[in-house]
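S.K.:
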Ligand SMILES: Nc1ncnc2c1ncn2[C@@H]1O[C@H](COP(=O)(O)OP(=O)(O)O)[C@@H](O)[C@H]1O
Ligand SMILES: [Mg+2]
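Numbering (the numbering used here), first residue to last: 38 to 361.
1) How long is the line joining the alpha carbons of residue 246 and residue 252, rounded to whole angstroms?
2) Buried or exposed, going by whether 16 or more other CB atoms sit within 10 Å of the CB of residue 314?
3) Just to confirm, does residue 221 get its C-beta within under 6 Å of one of the non-hydrogen atoms of ligand 1?
4) What is the C-beta distance between residue 78 and residue 39, in whole angstroms, given that I count them as a contact (C-beta under 8 Å)?
5) Quick one: any contact between the stretch 315 to 329 and the stretch 63 to 79, if contact means 3 or more CB pairs under 8 Å?
6) Kindly confirm or deny that the stretch 265 to 285 and the stretch 225 to 245 touch, where touching means at least three C-beta pairs closer than 8 Å.
7) Taking the continuous beta strand (DSSP E) assigned at residue 83, which residues delimit it?
8) Please report the distance separating the alpha-carbon of residue 165 from that of residue 46.
9) So does residue 142 have its beta carbon nearer than 6 Å to some heavy atom of ligand 2?
10) State the Cα-Cα distance for the pair residue 293 and residue 223, rounded to the nearest angstrom.
11) Measure the beta-carbon distance from residue 259 to residue 81 and round it to whole angstroms, keeping in mind my assumption that it falls under 8 Å.
12) Can we say the stretch 166 to 182 touches the stretch 196 to 216, given the rule of at least three CB pairs closer than 8 Å?
13) Please report the Cβ distance between residue 69 and residue 269, rounded to the nearest whole angstrom; I am assuming they are in contact, meaning their Cβ atoms lie under 8 Å.
14) Can we say the stretch 136 to 146 touches the stretch 213 to 220, given the rule of at least three CB pairs closer than 8 Å?
15) Report, in whole angstroms, the separation of the C-beta atoms of residue 42 and residue 76, which I expect to be a contact under 8 Å.
16) Taking the DSSP output, what are the residues bridged to residue 161?
17) Please determine, among 337, 250, 255, the residue with the shortest C-alpha to C-alpha distance to residue 87.
18) According to DSSP, is residue 356 helix, strand or coil?
19) Is residue 174 helix, strand or coil when you go by DSSP?
20) If I measure Cβ to Cβ from residue 100 and keep anything under 8 Å in the same chain, skipping five residues before and after, which residues do I get?
21) Taking its Cβ as the centre, do 16 or more other Cβ atoms sit within 10 Å of residue 225, making it buried, or is it exposed?
22) Which residue's Cα is closest to the Cα of residue 122: 112, 107, 106, 102?
23) Taking 6 Å as the cut-off, does the CB of residue 281 come closer than this to any heavy atom belonging to ligand 1?
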């Protein structure tokens, strides 16, 4: 049995928004609803699904940037769900986040050296020389030249900025890194290099990744396990090979059928192309039935009557939320 590094039980994060100025009516947006995950140390655990399905909110909640509305999170066997602010510093150090928009997450007024020194200053009491040494080492780890230290983010390319973002996450010897769309803002050629770096770092530094992405090719190539989300809920979760070779939920099939293929013979390996049409329900007004009903092409009369299905284990370690 592998070591379990991150686990959640019934994790929920809701947002409340008032509608209009006159009415005091509040709507609840269940951005993350009843999510159970189990992540083993060393795994690349992918979270996929369309924009707005709650992937980033899940990431923010796991690192406790957000406090859960309900449910529990264990990090390295410690219950971190409702830790106080003073204790959270310790957790964020071990589980930082890398963001899609590397540029926006780097302070334009700080040099790369300052950006990488800052977490070291906050979390450790090191001398100036020690900090400088560590910054040099971090630049080396992410394959950036030492001269980068005195540059400002505005003068870096997209790929360089993301390397700085990764170096900053590595500064405090993390165990888990939450990668929120780490390459979607980059050119394809740069993406490949960053991905190679991430895989290499995982192996060298024995890291665990939560890889938030809507890029399915990336998921297929990198992830050990995949969780598919739809409107805040997990609708399918399994080992990567099971998801790609035997997708069960109609939504997962539709997602996979949309992967661009290089060769026609690859097309045969994918589910028949399914066009997703039909309205997506508003996250503020979810149906009582299956959330995917309005877009599902396999729906039966049962689906229109029964309440939202539970997540069930349909094959060993393969979970699906579907009546069929
Ligand atoms: N701070 C917030 N306040 C209110 N609603 C939010 C907030 N953040 C996200 N949401 C809503 O929660 C849902 C999930 O958003 P998000 O986690 O950003 O999805 P994803 O990362 O998968 O695109 C969306 O409906 C979004 O509008
Ligand atoms: Mg997001």
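Using N, Cα and C, we set each Cβ at its ideal position, and we do this for glycine too. Keep in mind that this is a model prediction, so the values were computed, not measured.
M.R.: Let's see:
1) 15 Å
2) exposed
3) no
4) 6 Å
5) yes
6) no
7) 81 to 85
8) 43 Å
9) no
10) 22 Å
11) 5 Å
12) yes
13) 5 Å
14) yes
15) 6 Å
16) In DSSP, residue 161 forms no bridge with anything.
17) 250
18) strand
19) helix
20) 128, 129, 132, 133, 134, 215
21) exposed
22) 102
23) no
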